[in-house]
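**Student:**
Protein chains in written order, with our numbering: chain A, 19 to 283; chain B, 64 to 442; chain C, 29 to 326.
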């Protein structure tokens with residue numbers, strides 16, 4: 019075996035990982051590059067470099083209101099789903115009660131149902147009851163499909179909690195309420211935060227369910243989809259890439275702060 | 064809190080405690096008094112009911128029947144946070160999100176005590192770790208976490224401190240050191256310690272009184288020396304150290320001694336060291352009490368003849384022999400290496416002898432192997 | 029003692045000393061379950077009820093006649109799209125597994141202090157809109173796109189090759205879009221494996237590949253099951269990838285349902301197809317879970 023082939027077989031998995039990441043990021047890089055395109059009407063052909071799109075991300079009609087709607091819906095749906103899902107997770111993770119199987123099934127089913135069916139069935143019901151779809155029907159739908167993901171995430175965190183910590187708190191004169199507030203909740207909090215982040219990303223990026231239940235309300239994914247055929251402005255790329263970078267910065271900053279706290283405290 | 068229960072003082076009394084899971088009795092009609100100020104050990108193998116007993120004292124489990132008293136206060140159904148009892152948990156259960164200071168201060172703060180800082184500093188001095196106050200538990204070594212767990216409990220000055228396998232996670236050297244330290248802390252603070260362990264050496268090193276538990280019941284209770292020298296059951300004889308138990312029959316009485324027939328050879332045992340109810344006995348002798356010599360020697364005391372050495376292990380301070388007796392049983396003999404005589408060899412024919420005062424006799428209907436097969440392992 | 033305390037006695041749990049408040053778990057469940065009953069289960073039942081209706085006299089008017097034959101009609105008309113959807117979803121899932129497994133493995137065992145950063149990088153593309161990324165793929169694979177030109181340079185494609193509007197593009201798009209759903213559960217289960225078990229396999233004469241096959245893969249099965257489900261389910265019901273990256277011959281059942289709802293407004297047919305899709309997916313998922321031997325899913 020020569021030197022290269024030994025290096026290659028030793029680092030095969032790393033090489034493979036680099037290829038995997040490249041695959042993941044090709045569309046992001048493309049979107050990023052074309053956010054600087056001096057486009058005319060549709061952003062398909064490279065027409066030269068410009069900062070104009072970045073200087074003026076709201077320069078196209080409707081795009082920023084759509085983004086605003088997505089963020090608003092994302093925040094409301096995340097709050098709702100996180101609260102409802104966390105309560106269910108505590109019930110499942112902390113209590114023995116009758117009807118557990120039914121609850122588990124009702125949590126599992128929305129995850130095993132394609133978004134298309136979720137969205138379509140909800141629309142059918144709204145129409146049957148003469149309910150006009152719009153902003154709030156989107157919120158309702160998003161809370162519905164995010165709950166299960168919150169439950170699963172938070173429940174896993176609760177399950178990994180050492181019951182002896184809570185017993186120790188009660189042994190040290192903390193009553194049920196104090197034990198929950200000072201021990202259980204702080205220790206489950208990272209799981210709840212992770213669930214909220216997941217819920218927001220699912221809601222923010224959702225197209226299929228939203229498409230059914232939006233009425234005349236436009237969210238950012240809907241904007242991109244409806245403008246794709248008529249010519250998507252490069253501002254959409256600017257917003258997409260910005261959200262990507264924002265998420266990256268927020269999570270990495272969180273990681274950094276978390277690590278710092280761990281080592282210096 | 065100024066409840067009568069949190070300020071209760073006195074002996075701990077368990078009265079006819081039974082704890083049932085399904086049709087399994089984890090603790091079976093247990094009655095026990097632990098005097099105030101003592102260092103008490105509940106010793107037994109995995110599954111003997113000792114941890115369940117501890118949890119019921121702590122208030123983490125409720126007994127199915129029976130009651131628990133501290134002094135004259137009934138605490139059987141009292142919430143864990145309303146008992147003057149604190150626990151050093153197995154693996155410590157230090158709160159990972161709180162600093163060491165806040166961990167130790169936790170109980171004081173819940174009780175609304177004023178001079179928290181002063182008391183925490185004092186107890187951290189006692190366990191010699193005041194410099195770690197601002198660290199998080201994960202930044203501490205196992206031994207340090209152990210001491211903080213003790214500090215967090217004793218800072219509350221409970222009437223009763225429970226220790227659940229407190230040294231199980233430490234390596235042997237550190238465990239030895241902590242045994243001495245815990246004993247010292249107990250003398251220093253003067254609290255009642257109830258210590259649950261499967262490690263007989265740990266129990267014997269630290270406790271004034273040991274209760275040996277098996278299958279939800281107390282087999283025998285007493286000082287370490289008393290339990291070792293006068294075991295009353297085969298389980299205790301085998302679980303505390305090692306014993307040779309030989310099936311025999313009482314054939315005669317000779318003054319203060321019983322004459323026991325062991326497969327045709329006669330030995331003697333003091334009457335008051337026999338708990339046998341009829342003529343069938345398990346004759347017991349500890350391996351280190353036996354002298355082993357080549358067959359040609361004449362010997363005093365009780366003698367068993369016709370042994371053949373089937374295995375020899377030299378372990379420094381002593382040599383351990385396995386001796387096969389004419390009736391097929393293997394007996395253990397520990398011989399101190401202090402006489403300059405070279406060890407005997409495998410296959411040698413030997414005689415075993417001992418002073419009659421060392422032997423004891425148990426009920427002959429007992430299982431001679433009870434307690435010897437148990438592996439004292441981590442729970 | 030473990031045998032005793034591990035029995036799920038109620039008192040293992042400190043909050044259970046609230047025994048007198050038996051209703052508490054139900055109180056915790058109430059709002060969330062109410063939401064799911066009202067906005068998940070009730071709509072599904074509405075869907076079932078709509079599926080047996082037939083068109084009425086007026087446009088957009090449907091009458092309930094409990095015509096269960098609608099199901100047979102829908103199946104015989106659209107079975108090609110159903111089968112195609114499941115095949116595409118399966119191929120996309122396998123492709124995603126092939127890409128995600130080494131990725132997750134590298135992050136779990138070979139990334140050292142970069143672990144968290146790499147993990148974030150796997151999820152981050154999520155935030156750059158799903159539609160935007162799919163559109164980007166269409167442009168990248170287009171004949172005037174840069175990837176096409178690179179491949180052309182290496183003579184891997186010629187000017188008559190069509191990368192977009194193809195089966196391959198749809199499957200690639202599906203696997204790309206759901207890749208994080210595959211990678212994260214895989215990572216979670218790989219990360220839980222004690223590396224010493226793999227060392228032990230090596231010590232017991234297993235070579236690298238045998239260790240991987242006999243130790244790593246079986247231990248990571250929970251992640252494989254979760255990842256494949258989280259990829260396969262949305263892929264089977266997707267229509268966006270087929271719409272953007274496909275051609276009329278790559279139409280999936282999602283496209284049909286979407287069109288029946290929003291363009292043709294044939295609600296009974298759309299509802300029938302939706303319910304068949306849901307049942308088919310559930311049946312396949314349950315069989316898969318049973319065969320994979322995973323009990324607890326949620």
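Beta carbons are placed, not taken as given, at the ideal position from N, Cα and C, and that holds for glycine.
Please state if the CB of residue 222 of chain B and the CB of residue 151 of chain B are separated by a distance shorter than 9 angstroms.
**Tutor:** Counted from its first residue, the second chain places residue 151 of chain B at position 88. Counted from its first residue, the second chain places residue 222 of chain B at position 159. No. Outside cutoff.
**Student:** Please give me, in chain order, every unbroken run of the beta strand (DSSP E) with length at least 3 that falls completely inside the region 125-157 of chain B.
**Tutor:** Taking only runs of at least 3 residues, the beta strand (DSSP E) segments lying wholly in the region 125-157 of chain B are 128-133, 148-151.
**Student:** Classify residue 390 of chain B as buried or exposed, calling it buried when 16 or more other Cβ atoms lie within 10 Å of its own Cβ.
**Tutor:** Position 327 of the second chain, counted from the start, is the residue given in the question as residue 390 of chain B. The residue in question, residue 390 of chain B, is exposed, as its Cβ has fewer than 16 Cβ neighbours within 10 Å.
**Student:** If you drop the 5 nearest sequence neighbours on each side, which residues of the same chain put their C-beta closer than 7 angstroms to that of residue 241 of chain B?
**Tutor:** Position 178 of the second chain, counted from the start, is the residue given in the question as residue 241 of chain B. Answer for residue 241 of chain B: 206, 209, 230, 233, listed in chain order.
**Student:** Do the region 346-356 of chain B and the region 383-402 of chain B touch if we need at least three Cβ pairs shorter than 8 angstroms?
**Tutor:** Touching, per the Cβ criterion.
**Student:** Which same chain residues, not among the five before or five after residue 258 of chain A, have their C-beta less than 7 angstroms away from its C-beta?
**Tutor:** Counting from 1 along the first chain, the entry for residue 258 of chain A is found at position 240. Around residue 258 of chain A: 49.
**Student:** Who pairs with residue 55 of chain A in a beta bridge, going by DSSP?
**Tutor:** Taking the first residue of the first chain as position 1, residue 55 of chain A is located at position 37. For residue 55 of chain A, which the question treats as bridged, DSSP gives the partners A/67.
**Student:** Threshold first: 4 residues or longer. Then list the alpha helix (DSSP H) segments lying entirely within the region 271-303 of chain B, N to C.
**Tutor:** If we require 4 residues or more, the alpha helix (DSSP H) runs fully inside the region 271-303 of chain B come out as 287-292, 297-302.
**Student:** Give me the Cα-Cα distance between residue 241 of chain A and residue 127 of chain C, rounded to the nearest whole angstrom.
**Tutor:** Counting from one through the first chain, the residue named residue 241 of chain A turns up at place 223. Counting from one through the third chain, the residue named residue 127 of chain C turns up at place 99. Residue 241 of chain A and residue 127 of chain C: Cα-Cα distance of roughly 31 angstroms.
**Student:** Is the beta carbon of residue 130 of chain B less than 9 angstroms from the beta carbon of residue 73 of chain B?
**Tutor:** As a working note, residue 130 of chain B is residue 67 in the second chain. As a working note, residue 73 of chain B is residue 10 in the second chain. Contact: no.
**Student:** DSSP beta-bridge partners for residue 76 of chain B?
**Tutor:** If you number the second chain from 1, residue 76 of chain B lands on position 13. Answer by DSSP bridge pairing, in chain order: B/96, B/132.
**Student:** Grab me the residues of residue 163 of chain C's own chain with a C-beta within less than 8 angstroms of its C-beta, minus the 5 sequence neighbours each way, in chain order.
**Tutor:** Your numbering for residue 163 of chain C matches position 135 in the third chain. Cβ neighbours of residue 163 of chain C beyond the five flanking positions: 272.
**Student:** For residue 314 of chain B, is the beta carbon positioned less than 8 angstroms from some heavy atom of the ligand NAD?
**Tutor:** Absence of the ligand NAD from the depicted structure is noted, as is the absence of any ligand whatsoever, leaving it without description.
**Student:** Are the CB atoms of residue 117 of chain B and residue 227 of chain B nearer to each other than 9 angstroms?
**Tutor:** As a position in the second chain, residue 117 of chain B is number 54, starting the count at 1. As a position in the second chain, residue 227 of chain B is number 164, starting the count at 1. Against a cut-off of 9 angstroms, the Cβ pair of residue 227 of chain B and residue 117 of chain B comes out as a contact.
**Student:** On the CB-based measure, 16 or more other CB atoms within 10 Å of its CB, does residue 307 of chain C come out buried or exposed?
**Tutor:** Taking the third chain and counting its residues from 1, the one referred to as residue 307 of chain C is at position 279. It is exposed - the Cβ of residue 307 of chain C has fewer than 16 other Cβ atoms within 10 Å.
**Student:** Could you check which residue in C/208, C/210, C/301, C/315 has the C-alpha nearest to that of residue 280 of chain C?
**Tutor:** Translated into positions along the third chain, residue 280 of chain C becomes position 252. Per the Cα distances, C/301.
**Student:** Could you tell me which residues DSSP pairs with residue 260 of chain B in its beta bridges?
**Tutor:** For the purposes of this step, residue 260 of chain B is taken as residue 197 along the second chain, with counting starting at 1. Per DSSP, B/106.
**Student:** Apply the 10 Å Cβ neighbour rule to residue 166 of chain A and answer buried if 16 or more other Cβ atoms are within range, or exposed otherwise.
**Tutor:** Counted from its first residue, the first chain places residue 166 of chain A at position 148. Residue 166 of chain A comes out buried.
**Student:** Take residue 303 of chain C and list the residues in its own chain whose beta-carbon comes closer than 7 angstroms to its own, dropping the five residues that flank it on each side.
**Tutor:** The count along the third chain starts at 1 and reaches residue 303 of chain C at position 275. The answer, listed in chain order, is 75, 76, 79.
**Student:** Does the beta carbon of residue 251 of chain C come closer than 9 angstroms to any beta carbon on chain A?
**Tutor:** Residue mapping note: residue 251 of chain C aligns to position 223 of the third chain, counting from 1. By this cut-off, residue 251 of chain C is not an interface position.
**Student:** Which of the three DSSP states is assigned to residue 65 of chain B in this structure?
**Tutor:** Reading the second chain from its first residue, position 2 is the one you call residue 65 of chain B. Caution applies to residue 65 of chain B, whose pLDDT of 41 falls short of 50 and renders its modelled position unreliable; the model cannot decide the point.
**Student:** Taking only three categories from DSSP, how would you classify residue 229 of chain B?
**Tutor:** Here residue 229 of chain B is taken as the residue at index 166 of the second chain, counted from 1. In this structure, residue 229 of chain B counts as coil in the three-state DSSP scheme.
**Student:** Taking buried to mean at least 16 other C-beta atoms within 10 Å of its own C-beta, is residue 119 of chain B buried or exposed?
**Tutor:** Numbered from its first residue, the second chain carries residue 119 of chain B at position 56. Flag for residue 119 of chain B reads buried.
**Student:** List the residues of chain A that residue 256 of chain C touches, going by C-beta distances under 7 angstroms, in chain order.
**Tutor:** Position 228 of the third chain, counted from the start, is the residue given in the question as residue 256 of chain C. Under the 7 angstroms cutoff, chain A gives no residues; its nearest Cβ is about 13 angstroms from residue 256 of chain C.
**Student:** Kindly give me the distance between the Cβ atoms of residue 140 of chain A and residue 226 of chain A, rounded to whole angstroms, as I take these residues to be in contact under 8 angstroms.
**Tutor:** In the first chain, residue 140 of chain A corresponds to position 122, counting from 1. In the first chain, residue 226 of chain A corresponds to position 208, counting from 1. In fact, because the Cβ distance is near 11 angstroms, the residues do not count as touching under 8 angstroms.
**Student:** With 16 other CB atoms within 10 Å as the buried threshold, where does residue 24 of chain A fall?
**Tutor:** In the first chain, residue 24 of chain A corresponds to position 6, counting from 1. Looking at its Cβ environment, which holds fewer than 16 other Cβ atoms inside 10 Å, residue 24 of chain A is exposed.
**Student:** Are three or more beta carbon pairs between the region 168-180 of chain A and the region 195-215 of chain A nearer than 8 angstroms?
**Tutor:** Judged by Cβ distances under 8 angstroms, the region 168-180 of chain A makes contact with the region 195-215 of chain A, as three or more pairs qualify.
**Student:** Is DSSP giving residue 87 of chain A helix, strand or coil here?
**Tutor:** Within the first chain, numbered from 1, the residue matching residue 87 of chain A stands at position 69. Looking at residue 87 of chain A - three-state DSSP - the assignment turns out to be helix.
**Student:** Just the C-alpha distance for residue 236 of chain A and residue 254 of chain A, rounded to the nearest angstrom, thanks.
**Tutor:** As a position in the first chain, residue 236 of chain A is number 218, starting the count at 1. As a position in the first chain, residue 254 of chain A is number 236, starting the count at 1. Taking the straight line from one Cα to the other gives about 14 angstroms.
**Student:** Tell me, to the nearest whole angstrom, how far the beta carbon of residue 192 of chain C is from that of residue 166 of chain C; I am working on the premise that it is less than 8 angstroms.
**Tutor:** By one-based count along the third chain, residue 192 of chain C stands at place 164. By one-based count along the third chain, residue 166 of chain C stands at place 138. 6 angstroms between Cβ atoms; contact.
**Student:** Excluding the 5 residues preceding and the 5 following residue 339 of chain C in the sequence, name in chain order all residues of the same chain whose CB lies nearer than 6 angstroms to its CB.
**Tutor:** It is not possible to answer for residue 339 of chain C, since the shown part of chain C is limited to 29 through 326.
**Student:** Find the residues of chain C that neighbour residue 68 of chain A, judging by a C-beta separation of less than 9 angstroms, and give them in chain order.
**Tutor:** Position 50 of the first chain, counted from the first residue, corresponds to residue 68 of chain A. Per Cβ cutoff of 9 angstroms: no residues; residue 68 of chain A is ~18 angstroms from chain C at best.
**Student:** Looking at C-beta atoms only, is the number of pairs between the region 326-338 of chain B and the region 415-425 of chain B that lie closer than 8 angstroms three or more?
**Tutor:** The region 326-338 of chain B is in contact with the region 415-425 of chain B.
**Student:** Looking only at its chain, what residues have a beta carbon closer than 6 angstroms to the beta carbon of residue 385 of chain B, apart from the 5 residues adjacent to it on each side?
**Tutor:** Taking the first residue of the second chain as 1, we reach residue 385 of chain B at position 322. Within the same chain, residue 385 of chain B has close Cβ partners 373, 374, 393.
**Student:** Between the Cα of residue 275 of chain B and those of B/297, B/255, B/254, spot the shortest distance and give me the residue it belongs to.
**Tutor:** Position 212 of the second chain, counted from the start, is the residue given in the question as residue 275 of chain B. Measuring from the Cα of residue 275 of chain B, the nearest candidate turns out to be B/297.
**Student:** Using alpha carbons as the reference points, say which of B/318, B/414, B/347, B/348 lies closest to residue 363 of chain B.
**Tutor:** Within the second chain, numbered from 1, the residue matching residue 363 of chain B stands at position 300. The candidate whose alpha carbon is nearest that of residue 363 of chain B is B/414.
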